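Taking it in order: structure first as structure tokens, then the write-up.
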Amino acid sequence: TPATWYLRMTLLDKPGALAKIATSLGEAGVSINQMRQYGHAGTNAPVLIVTHKASRDDIDHAIASFAATGVLVGAPVAIRIEEV
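Here the sequence shown is numbered in my numbering, starting from 111 and rising by one per residue.
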């Protein structure tokens, strides 16, 4: 069943990095509800994304496509947000 997802990742701090991730999500059929990039020092930028409802398959597809963007640092974290 579709659910809202919390995604956390670190990106290279360069122009267009966030756009590449947003495009990967969109191409996988995942819509962004909220996005936050925290203040940081250095060349890496922590990013948090909360999606609208999406299937696990779509989230997995999006995350798999992040590597090809060339802006991802390390492995992203995806946590399903359960409705209470």
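The beta carbon of each residue, even a glycine, is placed where N, CA and C say it ideally should be. If you're wondering where the values come from, they're calculated on a predicted model, not measured in any experiment.
query: Spatial neighbours of Y148 within its chain, please: CB distance less than 6 angstroms, with the 5 preceding and 5 following residues excluded, ordered by chain position.; result: P156
query: Quick check on DSSP: helix, strand or coil for A174?; result: helix
query: Could you check where the beta strand (DSSP E) with G184 kicks off and where it finishes?; result: 182-191
query: Quick check: Q234 and L121, are their CB atoms within less than 9 angstroms of each other?; result: Here the chain comprises residues numbered 111 to 194, so residue 234 is not present and cannot be evaluated.
query: On the criterion of 16 or more Cβ atoms from any shown chain inside 10 Å, does T161 qualify as buried, or is it exposed?; result: buried
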